[in-house]
Amino acid sequence: MATCRSCSALMLAAVSCMIAAITLGTGATFAAALRPPSGLYGIGANFNLVRIDPKTGNITTVGPAVPFLQSQQLAAVDPVSSIFYAVGQNATGQVVIGLDMNTGLVVSQTPLPFVSSMFIGVGQVFDFDPLTNRLIAMGREAGNSTHFILSINPITGVTSNVALIPSTTSTDLLGGSSGFDPSAGIQWVELDVSNNGTLETDLFAVNLTTGQIAHQIPDKYNVNSMAFDQGTNSMLCFTFDDASTTRQLMSLDSATGALKKIGTVKDYTYTNGDIVAFDSEKRILYGIFTKQSGAPATTLFLVGVHPETAAVVSSVQLCQDPASCLWAMVYLP
């Protein structure tokens with residue numbers, strides 16, 4: 032069962048387009064290659080690797096379509112091996128797909144033991160830990176629907192259980208956000224919980240070293256997305272203020288669980304899910320938004336935001352149809 036908080040009509044329309052059943056054979060093995068150019072990369076509507084130009088909004092195809100159903104923002108990049116990882120689903124289940132960032136070709140496939148909800152990827156998490164070179168994945172276990180977190184060796188495909196969040200504690204959330212803080216070893220997860228019979232949205236901070244929940248705090252700010260800022264060792268979060276109907280930028284301290292407002296992202300409202308990417312070199316946080324006014328409600332813009340002031344430093348039109356827009360976005364340094 033899943034619930035939805037702060038889900039735009041754009042997101043719901045997009046995920047509803049993902050009903051199909053397809054299969055794929057075994058992928059290739061890893062191979063040495065030239066390093067691809069740094070910048071924004073993502074998954075296109077046909078589950079193909081693409082490159083995004085933040086100055087023009089142009090989306091360039093890197094590789095062919097992969098016959099899997101994609102899930103929104105369940106993607107990560109290994110900057111050393113230049114492999115783009117994304118979670119896909121076919122008729123047999125969920126799989127972590129590794130894509131060569133030079134060619135977009137499949138170089139690895141690792142099955143996941145998760146149970147899918149009606150909408151693929153809801154209640155799931157996917158990140159990369161650059162300190163351990165391991166993928167992090169969270170999903171629901173068959174039988175009791177417990178959310179559990181796995182550590183995955185992307186080379187061997189070997190998985191190990193790291194932590195769990197009992198099914199009595201949490202419920203899948205459509206539109207929930209997540210993010211990994213490597214400086215603290217904390218995986219942030221957003222889920223719905225029952226508080227004395229009342230459903231509320233909470234942010235869970237899971238310590239991947241101990242497997243314990245370090246923080247569980249009510250989401251009072253409508254956190255829509257998270258990205259780690261290496262410069263401040265904190266999470267950058269796009270939030271939404273219902274009272275003023277404004278988009279906000281906040282920082283999240285993994286040590287204390289405290290959220291602090293940075294500023295208002297003026298003129299932009301709904302997000303296209305939790306799709307964000309942080310350019311750690313130029314220090315720009317990119318999100319995909321609709322404009323508050325002056326553009327059709329279905330037109331999406333790639334917006335660059337200053338992480339210390341929330342000022343908009345760039346904005347380009349990205350696409351006009353949410354269903355055919357990006358399904359994931361990451362930054363390769």
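Those letters in the sequence shown? Residues 32 to 364, per the numbering used here, in order. Yeah, the Cβ is synthetic: ideal placement off N, Cα and C, and Gly gets one too.
### Query
When burial is assigned at 16 or more other CB atoms within 10 Å of the CB, is A289 buried or exposed?
exposed
### Message
Taking the straight line between their C-alpha atoms, what separation do you get for V156 and N253?
### Response
18 angstroms
### Message
Once the 5 residues before and after P364 are set aside, which same chain residues still bring their CB inside 7 angstroms of it?
### Response
S69, P110, S311, E312
### Message
For S355, which residues in the same chain have their Cβ closer than 6 angstroms to its Cβ, ignoring the five residues on either side in sequence?
### Response
Answer for S355: A76, listed in chain order.
### Neighbour-count burial assignment, S102, 16 or more Cβ in a 10 Å radius
buried
#### Entry: CB contact flag (G129, V138, <8 angstroms)
yes
### Query
Secondary structure at P353, three-state DSSP: helix, strand or coil?
helix
### Query
If you drop the 5 nearest sequence neighbours on each side, which residues of the same chain put their C-beta closer than 7 angstroms to that of A286?
A215
#### Entry: Nearest neighbour of T302, chosen from I293, V237, F271, S275 [CA to CA]
F271
### Task
Return helix, strand or coil for T54, following the three-state DSSP convention.
Low confidence applies here, because T54 scores a pLDDT of 35, under 50, leaving its location unreliable and the question unanswered by this model.
### Buried versus exposed, by CB contacts within 10 Å (16 or more), A122
With fewer than 16 other Cβ atoms within 10 Å, it is exposed.
### Query
Using the beta-carbon count (16 or more within 10 Å), is R66 buried or exposed?
exposed
### Message
Check this for me: beta carbons of V193 and L239, under 8 angstroms apart or not?
### Response
yes
### Query
Does the distance from the C-beta atom of I183 to that of V127 stay below 8 angstroms?
yes
### Helix, strand or coil at L230 [DSSP, three-state]
strand
### Task
Report yes if the CB atom of L283 is closer than 8 angstroms to the CB atom of S265, and no otherwise.
yes
### Task
Please determine, among L136, L162, Q125, P197, the residue with the shortest C-alpha to C-alpha distance to A168.
Q125
### Query
Is H337 helix, strand or coil by DSSP?
coil
### Buried versus exposed, by CB contacts within 10 Å (16 or more), G135
buried
### Message
Beta-carbon within less than 7 angstroms of Q348's beta-carbon, same chain only, minus the 5 sequence neighbours each way: which residues are those?
### Response
Closer than 7 angstroms at Cβ, skipping near neighbours: G88, T330, F332.
### Task
Using 10 angstroms around the beta-carbon of S208, count the other beta-carbons present and answer buried if the total reaches 16, otherwise exposed.
S208 is buried by the Cβ-count criterion.
### Query
Do you know how far the Cα of F259 is from the Cα of V220?
14 angstroms
### Query
Within 10 angstroms of its Cβ, does W358 collect 16 or more other Cβ (buried), or is it exposed?
buried
#### Entry: The beta strand (DSSP E) enclosing M169, as first and last residue numbers
165 to 171
### Task
Report all residues from its chain with a CB closer than 6 angstroms to the CB of G188; omit the five preceding and five following residues, and keep chain order.
T141
### Task
Identify, in the order they occur along the chain, each residue of the same chain with its Cβ nearer than 6 angstroms to the Cβ of S346, setting aside the five sequence neighbours on each side.
F332, V334
### Message
In the DSSP assignment, the beta strand (DSSP E) including F99 goes from what residue to what residue?
### Response
F99 -> no beta strand (DSSP E), and no H or E assigned at all.
### Task
Can you tell me which of the three DSSP states L136 falls into?
coil
### Task
Could you please give me the residues that DSSP links to Q125 through a beta bridge?
According to DSSP, residue pairing for Q125 in a beta bridge involves Q120, L143.
### Message
Which of the three DSSP states is assigned to E221 in this structure?
### Response
strand
### Task
State the CB to CB distance for the pair T277 and T263, rounded to an integer number of angstroms; the pair is presumed to be in contact (CB under 8 angstroms).
The Cβ separation is near 23 angstroms, so there is no contact.
### Task
State yes or no: is the C-beta of N79 within less than 8 angstroms of the C-beta of V108?
No, these two residues do not count as a Cβ contact at 8 angstroms.
### Task
May I have the straight-line CA-CA distance separating E231 from N133, to the nearest angstrom?
43 angstroms
### Span separating the alpha-carbon of A326 from that of I319
The alpha-carbon atoms of A326 and I319 are separated by roughly 14 angstroms.
### Under the three-state DSSP convention, the category R36 falls into
Note that R36 scores a pLDDT of 49, beneath 50, so its modelled location is shaky; the value from the coordinates is reported in the next line. Note: R36 maps to coil in three-state DSSP.
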